[in-house]
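**Q** Quick one: this structure, given as structure tokens, is what I'll be asking you about.
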Amino acid sequence: MKIEIKNLTVKTKDEKEILKNFSLTISEGEVHAIMGPNGTGKSTLAKVLLGDSAYEVISGDILVDGTSILDKTTDERARMGIFLAFQSPISIEGVSNTEFLKTAMNVRREEKIGLYPFLQTMNQALKDLNMDEAMMHRSLNQDFSGGERKKNEILQLKLLEPSFIILDELDSGLDVDSLRVCATNIANYLKDHPKTSVLVITHYPRILSYLPLNYVHRMNEGAIVETGDMELAKKIEKEGYLRDNVLREDVNHE
Amino acid sequence: MELKGLTEDVITQISELKNEDAWVKDYRLKSYKAFSSMEMPSFGPKVELDFSKIIYYKTSEEERIKSSWDRVNKRVKDELDTLGVLESENHMDGMGVQYESEVIYHHMIEELKKKDIIFTSIEDAMKKYPDLVKKYFGKIVSFSENKFAALNGSVFSGGSFIYIPPHTKLDRPLQSYFRIASKNMGQFERTLIIVDHDSELHYIEGCTAPTYSEASLHAAVVEIYVGENSKCRYTTIQNWAHNVYNLVTKRAMVDTNGTMEWIDGNIGSFVTMKYPCCVLKGDNSNGTCITISVASKGQQQDSGARMIHLGKNTKSKIISKSIAGNGGNATYRGKVDIKPDASNSEALVKCDTLILDSESKSDTIPVNRCQNKSSNINHEATVSKISDENLFYLMSRGIDKDRAQELIILGFLEAFREELPMEYAVELNQLLKKNL
Numbered sequence: 022m023k024i025e026i027k028n029l030t031v032k033t034k035d036e037k038e039i040l041k042n043f044s045l046t047i048s049e050g051e052v053h054a055i056m057g058p059n060g061t062g063k064s065t066l067a068k069v070l071l072g073d074s075a076y077e078v079i080s081g082d083i084l085v086d087g088t089s090i091l092d093k094t095t096d097e098r099a100r101m102g103i104f105l106a107f108q109s110p111i112s113i114e115g116v117s118n119t120e121f122l123k124t125a126m127n128v129r130r131e132e133k134i135g136l137y138p139f140l141q142t143m144n145q146a147l148k149d150l151n152m153d154e155a156m157m158h159r160s161l162n163q164d165f166s167g168g169e170r171k172k173n174e175i176l177q178l179k180l181l182e183p184s185f186i187i188l189d190e191l192d193s194g195l196d197v198d199s200l201r202v203c204a205t206n207i208a209n210y211l212k213d214h215p216k217t218s219v220l221v222i223t224h225y226p227r228i229l230s231y232l233p234l235n236y237v238h239r240m241n242e243g244a245i246v247e248t249g250d251m252e253l254a255k256k257i258e259k260e261g262y263l264r265d266n267v268l269r270e271d272v273n274h275e
Numbered sequence: 018m019e020l021k022g023l024t025e026d027v028i029t030q031i032s033e034l035k036n037e038d039a040w041v042k043d044y045r046l047k048s049y050k051a052f053s054s055m056e057m058p059s060f061g062p063k064v065e066l067d068f069s070k071i072i073y074y075k076t077s078e079e080e081r082i083k084s085s086w087d088r089v090n091k092r093v094k095d096e097l098d099t100l101g102v103l104e105s106e107n108h109m110d111g112m113g114v115q116y117e118s119e120v121i122y123h124h125m126i127e128e129l130k131k132k133d134i135i136f137t138s139i140e141d142a143m144k145k146y147p148d149l150v151k152k153y154f155g156k157i158v159s160f161s162e163n164k165f166a167a168l169n170g171s172v173f174s175g176g177s178f179i180y181i182p183p184h185t186k187l188d189r190p191l192q193s194y195f196r197i198a199s200k201n202m203g204q205f206e207r208t209l210i211i212v213d214h215d216s217e218l219h220y221i222e223g224c225t226a227p228t229y230s231e232a233s234l235h236a237a238v239v240e241i242y243v244g245e246n247s248k249c250r251y252t253t254i255q256n257w258a259h260n261v262y263n264l265v266t267k268r269a270m271v272d273t274n275g276t277m278e279w280i281d282g283n284i285g286s287f288v289t290m291k292y293p294c295c296v297l298k299g300d301n302s303n304g305t306c307i308t309i310s311v312a313s314k315g316q317q318q319d320s321g322a323r324m325i326h327l328g329k330n331t332k333s334k335i336i337s338k339s340i341a342g343n344g345g346n347a348t349y350r351g352k353v354d355i356k357p358d359a360s361n362s363e364a365l366v367k368c369d370t371l372i373l374d375s376e377s378k379s380d381t382i383p384v385n386r387c388q389n390k391s392s393n394i395n396h397e398a399t400v401s402k403i404s405d406e407n408l409f410y411l412m413s414r415g416i417d418k419d420r421a422q423e424l425i426i427l428g429f430l431e432a433f434r435e436e437l438p439m440e441y442a443v444e445l446n447q448l449l450k451k452n453l
């Protein structure tokens, strides 16, 4: 899937401008990473790509394979094949994981998936991710650890078979081993689905080392300010973002 | 046959039509006296009923109860078949159906007869087992209790009588189905359930009515006795039409080591006032009420539960889930009273409310009294709405907004749904879809 983000300016409901004339093109099968200090609009970008109504697009456009998706609702975009692995996946009481997964799989197919093929697919994915089968009978993400929630995002990814994947800080809250399991699963998925493109939002190069990376972008104050490759990611890890941004990050944390 | 208006004469006629013994007729007249002198409830929704315009008794056939569907009037049978009543019998050990004022159908599997289980209409039981009925009838819910219990005492007709002998268990539930098909109709069934010691019963009640412009009234009384070491579960899903007043008094008396569980779903009706009660009389007895109320446009669901702790080491649990949408009003009204002698007792009250829009209302009105030092009451309450964050998450997986809301609502009610037999859980989903 080809994604073109053209001169996108986005505000929150309380009039705060977050993305400023943001542009980025991700061609079919490419893996792009965005790094940047906290509060610079990375997660906003991820949510705006899926049409989160908490944000308002002031100007610019988002094209998927040449067609604008701005008038499409979140669920329509998802059914087109856009998938966001959330930074902090929410939990919902009483909705079982299994029920949720089956519903999400069924809304994008003509014929409902049978119980047996569904269980087979799910159990294989659980095994690949080293997840406990019992978790699937629990409520969606309820009483899941941070790491389990992240793995559950990748489980959904595997089952929903997207054409464009956005990973919003997948590596936060994952230990080294779990990160390797998740990232390897994504890398394998990309081998099987070479046309799928990826946008990775992260602070650390580690996750990128597992993926067939094409570009790394440094983002600051709502726009891309520098583009490079893995070397840029390593440089950022070593030196930090700009010195003044590091200070600003500290302020934001308080 | 149709009797309209409420007078001593009408009550006498009902009693004579039913060919009742003198003690039953006396009970009716005493109840009527109490009814006449009592005020409408001083709390809750406003009840505007013209008692002179209500039909208190109506039957289309004056024959006896049938035990085979082939002998039930074809029009009525077809109507009930469309509602899925005939199909649901396959999942039960026995079933009764009340149409307007009389029970028209009663059937239970042979095995139950061998076990000496009694499952019949209250009128039939009054004739065949008068001593058993007299021992409990009106003893758990008195006619002086409230105006609608008194009304029921005067004009009751139909309802189930169940007796489970000692050391007896059923594999599957017993079910009754109540239907109002006429406008201005009042249905006043009276149910008496006796679960003798060391036994177990699951009873299911379902109700529907078509919609008419003039309000109908359903004022039932349910009395349950749970014997020593016994367990009774009473499951209701009421789906009355949106012009029915549903004013019901339900109470269980629980003996030593006994357990009573009310699983109470309120989806339909115009106004519902219903607070299933457990009187935990015996030591170590348990009471549970899991209740949901769903109030949509024009509906007022005033429901909850009451737990009265009399015995020592008694435990009670109330879980209430209310949903208000499209301008509806869903209110929890409940009472827990741990009496001075009920030492070492525990009560838990958990009320959760989901409000779907700004036009809808909800209230939580709990009364919790703990009258001794060794006992305690825990009360938790939450009010929430469907958050944009949750909707966004579900929609980001391709699920449309309506289905996403439905998933969240069903999830909210899961504590209730998981207590229902499978086919009822499916039916509940359909009802919620239609109502919200």
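Residue numbers (the working numbering), protein chains in the order written: chain A, 22 to 275; chain B, 18 to 453. Backbone N, C-alpha and C define an ideal beta-carbon position, used for all residues, glycine too. The structure displayed is predicted, hence computed values, not measured ones.
Can you confirm whether B/Asn-407, when its beta carbon is compared against all beta carbons of chain A, has any partner nearer than 7 Å?
**A** Answer yes: the Cβ-Cβ gap between B/Asn-407 and chain A drops below 7 Å somewhere.
**Q** Return the Cβ separation of B/Ser-286 and B/Gln-316 in integer angstroms, given the expectation that the two are a contact with Cβ distance under 8 Å.
**A** Confirmed, Cβ separation roughly 7 Å.
**Q** Scan the stretch 393-436 of chain B and note each continuous beta strand (DSSP E) run of 3 residues or more that stays entirely inside, going in chain order.
**A** As far as the stretch 393-436 of chain B is concerned, its whole beta strand (DSSP E) runs of at least 3 residues are 393-401.
**Q** Quick one: any contact between the stretch 184-203 of chain B and the stretch 228-238 of chain B, if contact means 3 or more CB pairs under 8 Å?
**A** Because the criterion of three Cβ pairs below 8 Å is met, the stretch 184-203 of chain B and the stretch 228-238 of chain B touch.
**Q** At what residues does the beta strand (DSSP E) containing A/Ala-67 begin and finish?
**A** Element bounds for A/Ala-67: not the beta strand (DSSP E) but the alpha helix (DSSP H), 63-70.
**Q** Please report the straight-line C-alpha distance between B/Ile-181 and B/Ile-284, rounded to a whole angstrom.
**A** One C-alpha to the other measures close to 30 Å.
**Q** In chain B, which residues lie with their C-beta within 7 Å of the C-beta of A/Gln-177?
**A** Going along chain B in sequence order, the residues near A/Gln-177 (Cβ under 7 Å) are Arg-414.
**Q** Below 7 Å between beta carbons: does that hold for B/Glu-278 and B/Arg-250?
**A** Contact flag set, yes.
**Q** Would you tell me roughly how many angstroms separate the C-alpha atoms of B/Glu-245 and B/Glu-217, rounded to the nearest one?
**A** Taking the straight line joining both Cα atoms gives about 11 Å.
**Q** Curious, which full-length beta strand (DSSP E) runs of at least 3 residues does the stretch 110-159 of chain B contain?
**A** Runs found: 111-116, 119-125 and 135-138.
**Q** Would a check of beta-carbon distances place A/Ala-146 closer than 7 Å to chain E?
**A** Looking for chain E here will not work: the only protein chains present are A and B.
**Q** Our contact map puts B/Ser-313 next to B/Gly-282 with C-beta atoms below 8 Å; I'd like the distance itself, whole angstroms only.
**A** Going by Cβ atoms, the distance from B/Ser-313 to B/Gly-282 rounds to 14 Å, so no, they are not a contact pair.
**Q** Compare the beta carbon distance of B/Val-120 and B/Gly-175 with 7 Å and say whether it is the shorter of the two.
**A** Yes, Cβ-Cβ distance for B/Val-120 and B/Gly-175 is below 7 Å.
**Q** Kindly indicate which three-state DSSP category A/Ser-184 falls into: helix, strand or coil?
**A** Reduced to three states, the DSSP call for A/Ser-184 is coil.
**Q** Less than 7 Å between CB atoms is the rule here; does A/Thr-95 satisfy it with respect to chain B?
**A** Chain B contact via Cβ: present.
**Q** Contact criterion: CB-CB distance below 7 Å. Does B/Glu-436 meet it with respect to chain A?
**A** So, not an interface residue.
**Q** Which residues in the same chain as B/Thr-252 place their Cβ atom closer than 6 Å to its Cβ, once the five residues preceding and following it in sequence are excluded?
**A** Cβ within range, chain order: Ile-221 and Ile-280.
**Q** In the structure shown, what three-state DSSP assignment does B/Gln-255 receive?
**A** Correct three-state label for B/Gln-255: strand.
**Q** Beta-carbon of A/Asn-128 versus every beta-carbon of chain B: anything under 7 Å?
**A** For the sequence presented, residue 128 of chain A should be read as Val rather than Asn. Answer yes: the Cβ-Cβ gap between A/Val-128 and chain B drops below 7 Å somewhere.
**Q** Using a Cβ-Cβ cut-off of 6 Å (strictly less than) and excluding sequence neighbours within five positions of A/Met-157, which residues of its own chain qualify?
**A** Around A/Met-157: Asn-118 and Thr-119.
**Q** Are the stretch 82-94 of chain A and the stretch 24-44 of chain A in contact at 8 Å, needing three or more beta carbon pairs?
**A** Short answer: they touch.
**Q** Rounded to whole angstroms, what's the CA-CA distance from A/Arg-129 to A/Asp-96? Just pull it up for me.
**A** Approximately 10 Å, taken between the alpha carbons.
**Q** If you follow the alpha helix (DSSP H) that A/Met-56 is part of, which residue opens it and which one closes it?
**A** Taken as a continuous stretch (DSSP letters only), A/Met-56 belongs to no alpha helix (DSSP H), being part of the beta strand (DSSP E) at 52-56.
**Q** Since B/Asn-343 contacts B/Ser-377 with CB under 8 Å, what's their CB separation in whole angstroms?
**A** Indeed they touch by this definition, with Cβ atoms about 7 Å apart.
**Q** Is it true that the CB of B/Glu-19 sits closer than 7 Å to the CB of B/Ile-72?
**A** Yes, Cβ-Cβ distance for B/Ile-72 and B/Glu-19 is below 7 Å.
**Q** Less than 7 Å separating the beta-carbons of A/Ile-103 and A/Phe-185?
**A** Yes, the Cβ-Cβ distance between A/Ile-103 and A/Phe-185 is below 7 Å.
**Q** At what residue ranges does the stretch 241-314 of chain B contain a whole run of the beta strand (DSSP E), taking only runs of 3 or more?
**A** Entirely contained in the stretch 241-314 of chain B, the beta strand (DSSP E) runs reaching 3 residues are, in chain order, 248-256, 261-271, 276-283, 288-291, 294-297 and 303-312.
**Q** Return the residue from the list B/Arg-196, B/Pro-357, B/Lys-402 and B/Met-290 that minimises the CA-CA distance to B/Asn-113.
**A** The question names Asn, but residue 113 of chain B in the sequence shown is Gly. Nearest C-alpha to B/Gly-113: B/Arg-196.
**Q** Identify the contact partners of B/Asp-374 in chain A, using a Cβ-Cβ distance below 7 Å as the criterion.
**A** The contacting residues do not exist; B/Asp-374 stays about 16 Å from chain A at best.
**Q** Would you tell me roughly how many angstroms separate the C-alpha atoms of A/Glu-36 and A/Glu-77, rounded to the nearest one?
**A** Spanning the two alpha carbons is a distance of roughly 9 Å.
**Q** Taking only beta-carbon atoms, is A/Ile-79 less than 7 Å away from chain B?
**A** No, A/Ile-79 lies away from the interface with chain B (no Cβ there is under 7 Å from its Cβ).
**Q** By DSSP, does B/Thr-208 sit in helix, in strand, or in coil?
**A** B/Thr-208 falls in the strand class under three-state DSSP.
**Q** Leaving out the 5 sequence neighbours to the left and right, which residues in its chain are closer than 7 Å to B/Leu-411 when beta-carbon positions are compared?
**A** Excluding sequence neighbours, B/Leu-411 sits near Ala-421 and Leu-424.
**Q** Determine the extent of the beta strand (DSSP E) in which B/Tyr-180 is found, giving its start and end residues.
**A** From DSSP, the beta strand (DSSP E) with B/Tyr-180 extends over 177-181.
**Q** I need the straight-line Cα distance from A/Asp-149 to A/Ile-228, nearest angstrom please.
**A** If you take the alpha carbons of A/Asp-149 and A/Ile-228, they lie about 18 Å apart.
**Q** Does the beta carbon of A/Asp-164 sit closer than 7 Å to a beta carbon anywhere in chain B?
**A** Chain B contact via Cβ: absent.
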